[in-house]
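Below is one structure, written out as structure tokens, with a few remarks after it.
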Amino acid sequence: MFGVLVVRRPDGRVGFLRAFSGMLAGRWDIEGFVPPLFDREARARLEPEGEATVKALLARSEALGSEPELIALRAAHEAQSARHAAELSALRERHEARRKQRHARRAELTRTRPSPEHPGVPMDSHPPGERGGPADSARPLAGPARDETAARERRGSADSMDTTAPDTRDEAAQRAALHALDQESRGDKAERRRLEATHAEERQRIEPQLARRERRLRALERLRHMVSRALMRRIHDTYAITSARGERRLLRALYERGQPPSGAADCAAPKLLAYAHAHGLRPIALAEFWWGAPPPAGGRVSGAYYAACRDKCGPLLPFMLEGLQVSPPRTFVPPPAAPGALTVLFEDPWLVVIDKPHGLLSVPGREESLTDSVLTRLRARHPEATGPLLVHRLDLDTSGLLVAARDSRTHAALQSQFVHREVRKRYVAWVEGLIQEDQGRIDFPMRVDLNDRPRQIHDTVHGKPAVTEWRVLERRDGRTRVAFFPLTGRTHQLRVHASHPLGLGAPIVGDRLYGRGGARLMLHAESLTLQHPGTGAGITFDCPAPF
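Note that the sequence shown covers residues 1 to 547 in full-length UniProt numbering.
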């Protein structure tokens, strides 16, 4: 990043200063550019010794981490853990199969088990007068009837003496079978405990040795980080930041918790203001621009102007500008010339499909002034509609097809199609430059730039998958007309995939975030195919690009 500061000298003459961010060609000082903010003599005393210490600790850490003994222990521990997991998994599967067999056997034995109070009578049968018998059958008898009943019971008891023995033997056999099942269950648990104990014993042969070496390595890493942080604190203290009023503060005093990020105060803007303050020059106007190949994360185009970064310069610049008359920050406001009525392309009891003009928000913005949007207009047009209405969104600067659902059920059905990538979309755009290939596929992850919202950047660690297929339609006047087929729906996906070197390396014409801006963003959602949520039929909507 380069910067230019227009200044006025005490004699009224106007001139300019120039600076670069960080180092240029491996050097802090280059003739014609303002110098860095730090005390160069103090830094020259600190850096060689401090960096040598950090490098020595790093070398020791790398040597310790590459010792054959540690590598062998890690490999053995990994193999052992995998074997233990496989053995436990196999044992659990075997025990689970046996448990199901025991469960089935217990159920079978319980169904046929005789009642302990009445041998020979199933568990679900009851003698007269007990649980479910007639109410009068259990009343006590008197007189001759009682004597006759007693005699009958004595005769019946005598007659049944020879038949109870088999039932008693069956009951004993069933009890023995149930006991055997319980013993088998206990045996499985004991087998698992024995295996776990064996595993624990085996781990004790490796883990203590491995833990000792890993602790040494972690301690060395902690020491290196402590020394590195201490060195950075001392380096940060070589920076003295001055405001336009002449007030001076240490760099660390301007950041939360006294921890400036790496490279703080090395950007072009702080360098320029510091030089102007130190030499009695009155700042008039400041601009920073990117020149050259974009950074690996993307988000920068050669020749385009950018605001100061938030994490490094954000805490510095307000203090450095104190004492100057500063214009209010420029904020983007959507153009007020958005059409007064939505262009409805299709409408039925389930759907509304519109042609969104560029410059109209899909949903209201956070600021009170940004209430006009497709959503608010649809709410006014269809007050009877329920649910969220909009199924998807288009960027403020993008025009084209936008689908809304008139009820919650339809919205859920359509959103499911978008989530499962069942909707086919086609966008048309003009991009800067002539694309050599005729078609291709762009696939790299993206995330929001936390220091420069709403820009998105390429990030292989924290980014989400983003895939776009494309095909050249036309080449004319140093530009290329391209059809994009997004397979995912990340924010600014097509704009980033067009501008980033891993994509087309050609910003979309008129892109104010990823290119040089213009009258409008030449990106239009031209075609959309989905399954109609009411009829189930496939349906395609087309809206030719206006450019």
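Note that CB positions come from ideal geometry on N, CA and C, so glycine has one too.
Once DSSP output is grouped into helix, strand and coil, what is the label at ARG8? Your numbering for residue 8 matches position 8 in the sequence shown. In the three-state scheme derived from DSSP, where H, G and I count as helix and E and B as strand, ARG8 is classed as strand.
CB of PHE541 within 8 Å of CB of VAL353, strictly: Looking up residue 541 in the sequence shown gives position 541. Looking up residue 353 in the sequence shown gives position 353. Contact: yes.
Beta carbon of VAL391, beta carbon of VAL403: below 8 Å? Numbered from its first residue, the sequence shown carries residue 391 at position 391. Numbered from its first residue, the sequence shown carries residue 403 at position 403. The answer is yes: Cβ separation under 8 Å.
Comparing alpha-carbon positions, which option in PRO544, ALA405, PRO445 and ALA177 lies nearest PRO383? Position 383 of the sequence shown, counted from the start, is the residue given in the question as residue 383. The residue among PRO544, ALA405, PRO445 and ALA177 with its C-alpha nearest the C-alpha of PRO383 is ALA405.
Leaving out the 5 sequence neighbours to the left and right, which residues in its chain are closer than 8 Å to ARG248 when beta-carbon positions are compared? Sequence index remark: in the sequence shown, residue 248 carries index 248 (1-based). Cβ contact annotation for ARG248 (same chain, cutoff 8 Å, sequence separation greater than five): ALA240, ILE241 and THR242, in chain order.
Straight-line gap, GLY129 to ARG186 (C-alpha atoms, nearest Å): Walking along the sequence shown from the start, residue 129 turns up at place 129. Walking along the sequence shown from the start, residue 186 turns up at place 186. Below a pLDDT of 50, predicted positions are generally treated as unreliable, and GLY129, at 41, falls in that range; no measurement from the model is reported.
Using the rule of at least 16 other Cβ atoms within 10 Å of the residue's Cβ for burial, across every protein chain shown, is VAL7 buried or exposed? Locating residue 7 in the sequence shown gives position 7, counting from the first residue. The residue in question, VAL7, is buried, as its Cβ has 16 or more Cβ neighbours within 10 Å.
Quick check on DSSP: helix, strand or coil for MET320? Position 320 of the sequence shown, counted from the start, is the residue given in the question as residue 320. If DSSP states are grouped into helix, strand and coil, MET320 belongs with the helices.
Exposed or buried, what is MET446 when buried is set at 16 or more other beta-carbons lying within 10 Å of its beta-carbon? Walking along the sequence shown from the start, residue 446 turns up at place 446. By the Cβ neighbour-count rule, MET446 is buried, with 16 or more other Cβ atoms within 10 Å of its own.
For the beta strand (DSSP E) holding PRO283, just list the boundary residues, first then last. Position 283 of the sequence shown holds residue 283. Run containing PRO283: 282-289, per the beta strand (DSSP E) assignment.
Curious, which full-length beta strand (DSSP E) runs of at least 3 residues does the region 406-440 contain? Correct list: 424-432.
Extent of the continuous beta strand (DSSP E) run through MET232: Indexing the sequence shown from 1 puts residue 232 at position 232. First-last for MET232: 207-236, but that is the alpha helix (DSSP H), not the beta strand (DSSP E).
Local Cβ density within 10 Å of LYS464, reported as buried at 16 or more and exposed below that: Residue mapping note: residue 464 aligns to position 464 of the sequence shown, counting from 1. Residue burial is scored here from C-beta neighbours: LYS464 has fewer than 16 other C-beta atoms within 10 angstroms and is therefore classed as exposed.
Can we say the region 31-49 touches the region 168-179, given the rule of at least three CB pairs closer than 8 Å? With a cut-off of 8 Å, the region 168-179 and the region 31-49 do not count as touching, because too few Cβ pairs lie within range.
Counted within 10 angstroms of its Cβ, other Cβ atoms place TYR427 as buried (16 or more) or exposed: For the purposes of this step, residue 427 is taken as residue 427 along the sequence shown, with counting starting at 1. Counting every other CB atom within 10 Å of its CB across the protein chains shown gives TYR427 a total of 16 or more, marking it as buried.
Can you name the start and end residues of the alpha helix (DSSP H) that LEU473 belongs to? By one-based count along the sequence shown, residue 473 stands at place 473. Premise fails: LEU473 lies in the beta strand (DSSP E), 467-476, not in any alpha helix (DSSP H).
Specify, as a first and last residue, the run of the beta strand (DSSP E) that GLY15 falls within. Translated into the one-based positions of the sequence shown, residue 15 becomes position 15. Where GLY15 is concerned, the enclosing beta strand (DSSP E) stretches over 14-20.
Hey, out of ARG205, LEU316 and CYS313, whose CA is closest to SER81's CA? As a first step, residue 81 is located in the sequence shown; it is residue number 81 there, counting from the start. Per the Cα distances, ARG205.
Report buried or exposed for ILE442, applying the criterion of at least 16 other Cβ atoms within 10 angstroms of its Cβ. Residue mapping note: residue 442 aligns to position 442 of the sequence shown, counting from 1. When all chains shown are included, ILE442 counts as buried.
Relative to the C-alpha of ASP395, which candidate in VAL34, ALA525 and THR198 has its C-alpha closest? For the purposes of this step, residue 395 is taken as residue 395 along the sequence shown, with counting starting at 1. Residue nearest to ASP395 within the set VAL34, ALA525 and THR198 is ALA525 (criterion: CA-CA distance).
Alpha carbon to alpha carbon, what distance is there between THR468 and ILE457? Mapped onto the sequence shown, residue 457 falls at position 457. Mapped onto the sequence shown, residue 468 falls at position 468. In this structure, the straight-line span from the alpha carbon of ILE457 to that of THR468 is close to 15 Å.
PRO119 in three-state terms, based on DSSP: As a working note, residue 119 is residue 119 in the sequence shown. With a pLDDT of 46 at PRO119, under the threshold of 50, the predicted position of this residue should be treated as unreliable, and no value is reported.
In chain order, each alpha helix (DSSP H) run of at least 4 residues that lies wholly inside the region 31-89: If we require 4 residues or more, the alpha helix (DSSP H) runs fully inside the region 31-89 come out as 40-65.
Taking the alpha helix (DSSP H) that SER499 belongs to, which residues open and close that run? Numbered from its first residue, the sequence shown carries residue 499 at position 499. Taken as a continuous stretch (DSSP letters only), the alpha helix (DSSP H) holding SER499 covers 493-499.
Which of helix, strand or coil does DSSP assign to GLU347? Locating residue 347 in the sequence shown gives position 347, counting from the first residue. In the displayed model, GLU347 falls within a strand according to three-state DSSP.
Please classify ASP372: does DSSP put it in a helix, a strand, or coil? Within the sequence shown, numbered from 1, the residue matching residue 372 stands at position 372. ASP372: coil per DSSP, three-state reduction.
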